[in-house]
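**Q** No gaps in the numbering here: position 198 of the sequence shown is 1469 in our numbering, and each next residue is one more.
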Amino acid sequence: MIRDITIGQYYQTKSALHSLDPRTKLIGVLVYLVSLFLFNSISVYIIATIFLVSVIILSRVPLSYILKGMKSMVFILLLTVIFNIFLTPGVPVFTFWKFRVTKEGLIIAGYTAIRLLYLIVGSSLLTFTTTPNNLTDGLESLMKPLRAFRVPVHEVAMMMSIALRFIPILLDETDKIMKAQQARGADFEHGNILRRAKSLVPILVPLFVSAFRRANDLAMAMEARCYRGGDGRSKMKPLKYKAQDITAFITLAVYFAAVIAAGRISPI
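1) Under a three-way DSSP split, which group does Pro1473 fall into?
2) Please name the residue or residues paired with Val1372 in a DSSP beta bridge.
3) Just to confirm the assignment, what range does the alpha helix (DSSP H) spanning Ile1526 have?
4) Is DSSP giving Met1414 helix, strand or coil here?
5) Name the two residues that bound the continuous alpha helix (DSSP H) containing Asn1311.
6) My assumption, with CB atoms under 8 Å, is that Leu1478 sits in contact with Thr1445. Please give the rounded CB distance.
7) Do Val1352 and Ala1319 come within 8 Å of each other at the CB atom, strictly closer than that value?
8) Tell me the DSSP secondary structure of His1247 in three-state form.
9) For Leu1288 versus Val1326, is the C-beta distance shorter than 8 Å?
10) Mind checking whether Gln1283 and Pro1439 have CB atoms under 8 Å apart?
11) Express the C-alpha separation of His1425 and Ile1317 in angstroms, rounding to a whole number.
12) Express the C-alpha separation of Val1525 and Asn1487 in angstroms, rounding to a whole number.
13) Give a yes or no on contact between the region 1358-1374 and the region 1334-1342, applying the rule of three or more CB pairs nearer than 8 Å.
14) In whole angstroms, give me the CA-to-CA distance for Glu1411 and Phe1420.
15) With 16 as the cutoff for other CB atoms within 10 Å, does Lys1296 come out buried or exposed?
16) Would you call the region 1426-1438 and the region 1396-1405 in contact, with 3 or more CB pairs under 8 Å?
17) Apart from the five residues on each side of it in sequence, which residues of its chain come closer than 7 Å, Cβ to Cβ, to Asp1458?
18) Tell me which residue opens and which closes the alpha helix (DSSP H) that Tyr1336 is part of.
19) Look at the alpha carbon of Lys1342 and the alpha carbon of Leu1442, and state the distance between them as a whole number of angstroms.
20) Return helix, strand or coil for Glu1494, following the three-state DSSP convention.
21) For Lys1506, which three-state DSSP category applies?
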């Protein structure tokens, strides 16, 4: 189960998406996520679907690898859909016991499920196709204007980079702890939800201890190497926009214009 979590990990391959500047991909993801929340229209979601499928093909990341990471998000998706179905007021479709399902609730639940699904997949493609170092450099470069407001841009980017690097490490650590507990007779797959939740306590305690220990070791290593922030530091690989990035920006502009046009022409 732990091995199935792929969100936040980098997928090593060569593709048009992998070779793009990280700033281009960050802006692209932001534009795509904004486009999902502009309109509640079937035509808009058709355009978003075509765009997302095209990006997945360009990324050369296997669809099975992408869907494998979605398993950990199924519960959140279902919970969100259920809440929208039963808690949205409107025209009743059918009623059982104290619960009432409305037409508006079904529509909003469908739109919400699509949005969350596309949001997760779109965000995952960013980390699948961008190394943590490039992602950090791109984020720091885009956030440079915030320095005028005394925002510690470099430190924020560094924290994000460390968090991304810790994801696979913590997943491996969790897998080792689970296997050790199972070898001692622990059962994580049977019983009701409450029992399964209680069985996770022997995993969480050593996992938190290991995480704090690794964080302390990292802090000591950074201090031993006289790390004092990003002031005056240069980049080993400076970021530069290429012709393919210009093409990507034009494609994004066309996509966003198509979404706005479809949303205004066909509001349903």
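Built from N, CA and C at the ideal position, the CB exists for glycine as well.
**A** Put simply:
1) Taking the sequence shown and counting its residues from 1, one reaches residue 1473 at position 202. Three-state DSSP puts Pro1473 in a helix.
2) The residue labelled residue 1372 in the question sits at position 101 within the sequence shown. Its beta-bridge partners are Phe1365.
3) The count along the sequence shown starts at 1 and reaches residue 1526 at position 255. Inspection of the sequence shows that residue 1526 is occupied by Tyr rather than by Ile. Unbroken alpha helix (DSSP H) run through Tyr1526: 1514-1536.
4) Mapped onto the sequence shown, residue 1414 falls at position 143. In this structure, Met1414 counts as coil in the three-state DSSP scheme.
5) For the purposes of this step, residue 1311 is taken as the residue at position 40 of the sequence shown. First-last for Asn1311: undefined, no H or E at that position.
6) As a working note, residue 1478 is residue 207 in the sequence shown. As a working note, residue 1445 is residue 174 in the sequence shown. Rounded, the Cβ-Cβ distance is 6 Å, consistent with contact.
7) Along the sequence shown, read from residue 1 onward, the residue named residue 1319 stands at position 48. Along the sequence shown, read from residue 1 onward, the residue named residue 1352 stands at position 81. Against a cut-off of 8 Å, the Cβ pair of Val1352 and Ala1319 comes out as no contact.
8) Residue 1247 lies beyond the residue range present for the chain, which begins at 1272 and ends at 1539; the question has no answer from this structure.
9) Here residue 1288 is taken as the residue at index 17 of the sequence shown, counted from 1. Here residue 1326 is taken as the residue at index 55 of the sequence shown, counted from 1. Contact flag set, yes.
10) Looking up residue 1283 in the sequence shown gives position 12. Looking up residue 1439 in the sequence shown gives position 168. Cβ atoms of Gln1283 and Pro1439: not closer than 8 Å.
11) The residue given as residue 1317 occupies position 46 in the sequence shown. The residue given as residue 1425 occupies position 154 in the sequence shown. Straight-line Cα distance between these residues: approximately 38 Å.
12) Here residue 1487 refers to the residue found at position 216 of the sequence shown. Here residue 1525 refers to the residue found at position 254 of the sequence shown. Taking the straight line joining both Cα atoms gives about 47 Å.
13) no
14) In the sequence shown, the residue the question calls residue 1411 occupies position 140. In the sequence shown, the residue the question calls residue 1420 occupies position 149. Cα-Cα distance, rounded: 15 Å.
15) Taking the sequence shown and counting its residues from 1, one reaches residue 1296 at position 25. Buried, since its Cβ has 16 or more Cβ neighbours within 10 Å.
16) yes
17) The residue you call residue 1458 lines up with position 187 of the sequence shown. Closer than 7 Å at the Cβ level, and outside the excluded window around Asp1458, lie Ser1470.
18) For the purposes of this step, residue 1336 is taken as the residue at position 65 of the sequence shown. It spans 1334-1339 - the alpha helix (DSSP H) in which Tyr1336 sits, taken as one unbroken run.
19) Here residue 1342 refers to the residue found at position 71 when the sequence shown is read from its first residue. Here residue 1442 refers to the residue found at position 171 when the sequence shown is read from its first residue. Approximately 15 Å, taken between the alpha carbons.
20) Residue 1494 sits at position 223 when you count from the first residue of the sequence shown. It is helical.
21) In the sequence shown, counting from the first residue as 1, residue 1506 sits at position 235. Reduced to three states, the DSSP call for Lys1506 is coil.
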